[in-house]
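Q: Going by the numbering used here, the first residue of the sequence shown is number -5, and it counts up by one from there.
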Amino acid sequence: MQNNQFDQHGHMRGVKTSGVGLIRATLGSAFAAGAILTLFWLPAEYGIDLTGLGRPMGLTEMGEIKQGLYAEAAAETASDPQFLARLDAIEAQLAMLLAKGITVTPPAVEETPVEVPQAEVTTWRDTWSFTLQPGEGIEAKLRMTKGQEAIFEWTANGSVLNYDMHGDGDGSISYEQGRGEPSQEGTLTAAFDGTHGWYWRNRTDNPVTFTLNVRGDYDRLLTP
């Protein structure tokens, strides 16, 4: 029986095909190459998983690790010429793990808790409130020795008052005066041994309730 694969001179005959067959073969090869690119190469090299199948196979994790290593290499190559050699060794280990069917999971990044600074809470030693009728005045003093300091604040709670911050005892002094003031705050430093504080007068046509807060170095708060 004559073998149709060879001609009369013993040469292998060519394979006859049509133009449609060539197109089908080309498209089939392109489809196979695209499938390999999408299913394996993109996840394993760049961590891009278009089909969702790369992560179960461990390819996506490997690609993500590679991209992280490439980024580190770009930053460290200038200062560490041996870094690329270490990177090649790591890639070889990843390829070996993948060949054995071992899924590579990136290490978890431990988040460091951020401490939120707490607002400072001011604790007052003494707090005193009083309501002044129109035209009425009143005084409050701190018993202090020379050089002692007291931190204070007072507010007319939405209204205004006239005040005179002064001291009496081994001398007499006026520290500060004000007219129609809604509040005052600061540090009172005793100029001598005695009583030091405030005199308020309500010059408005309505009652005014004010509040005084004090803390610091003093013997006691003296009020009516």
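For every residue, glycine included, the Cβ atom is placed at its ideal position computed from N, Cα and C.
(1) As a quick exercise: from 164, 180 and 58, pick the residue whose alpha carbon is nearest that of residue 147.
(2) Tell me whether the region 177 to 194 and the region 140 to 154 touch, counting them as touching only if at least three CB pairs, one residue from each stretch, are closer than 8 Å.
(3) Return the CA-CA distance between residue 43 and residue 36, expressed in angstroms with no decimal places.
(4) Under DSSP, the beta strand (DSSP E) around residue 208 begins and ends at which residues?
(5) Checking 8 Å against the spacing of the C-beta atoms, do residue 133 and residue 192 come in under that value?
(6) With a threshold of 16 other CB atoms inside 10 Å of the CB of residue 90, please say whether the residue is buried or exposed.
(7) Do you know offhand how far residue 161's Cα is from residue 216's?
(8) Give me the residue from 211, 195, 199 and 198 with the minimum Cα distance to residue 189.
(9) By the DSSP assignment, the beta strand (DSSP E) with residue 133 in it spans what residues?
(10) Quick check on DSSP: helix, strand or coil for residue 151?
(11) Could you compute how far the alpha carbon of residue 170 sits from the alpha carbon of residue 164?
(12) Just to confirm my understanding: we take residue 157, look at its own chain, exclude 5 residues before and 5 after, and list those with CB closer than 6 Å. What are they?
A: Quick answer:
(1) Stepping through the sequence shown from its first residue, residue 147 is reached at position 153. Among 164, 180 and 58, the Cα nearest to that of residue 147 belongs to 180.
(2) yes
(3) Taking the sequence shown and counting its residues from 1, one reaches residue 43 at position 49. Taking the sequence shown and counting its residues from 1, one reaches residue 36 at position 42. Rounded to the nearest angstrom, the two C-alpha atoms are 7 Å apart.
(4) Taking the sequence shown and counting its residues from 1, the one referred to as residue 208 is at position 214. Taken as a continuous stretch (DSSP letters only), the beta strand (DSSP E) holding residue 208 covers 202 to 210.
(5) Residue 133 sits at position 139 when you count from the first residue of the sequence shown. Residue 192 sits at position 198 when you count from the first residue of the sequence shown. Yes, these two residues count as a Cβ contact at 8 Å.
(6) Counted from its first residue, the sequence shown places residue 90 at position 96. Exposed: under 16 other Cβ atoms inside 10 Å.
(7) Position 167 of the sequence shown, counting from 1, holds the residue named residue 161. Position 222 of the sequence shown, counting from 1, holds the residue named residue 216. Whole-angstrom Cα-Cα distance: 13 Å.
(8) As a position in the sequence shown, residue 189 is number 195, starting the count at 1. Answer by Cα proximity: 211.
(9) Position 139 of the sequence shown, counted from the start, is the residue given in the question as residue 133. Looking at the DSSP string, the run of the beta strand (DSSP E) that includes residue 133 is 131 to 138.
(10) The residue labelled residue 151 in the question sits at position 157 within the sequence shown. Coil.
(11) As a first step, residue 170 must be located in the sequence shown, where it is residue number 176. As a first step, residue 164 must be located in the sequence shown, where it is residue number 170. Their Cα atoms are separated by approximately 19 Å.
(12) Taking the first residue of the sequence shown as position 1, residue 157 is located at position 163. So the list reads 172, 192 and 194, once near-sequence residues are dropped.
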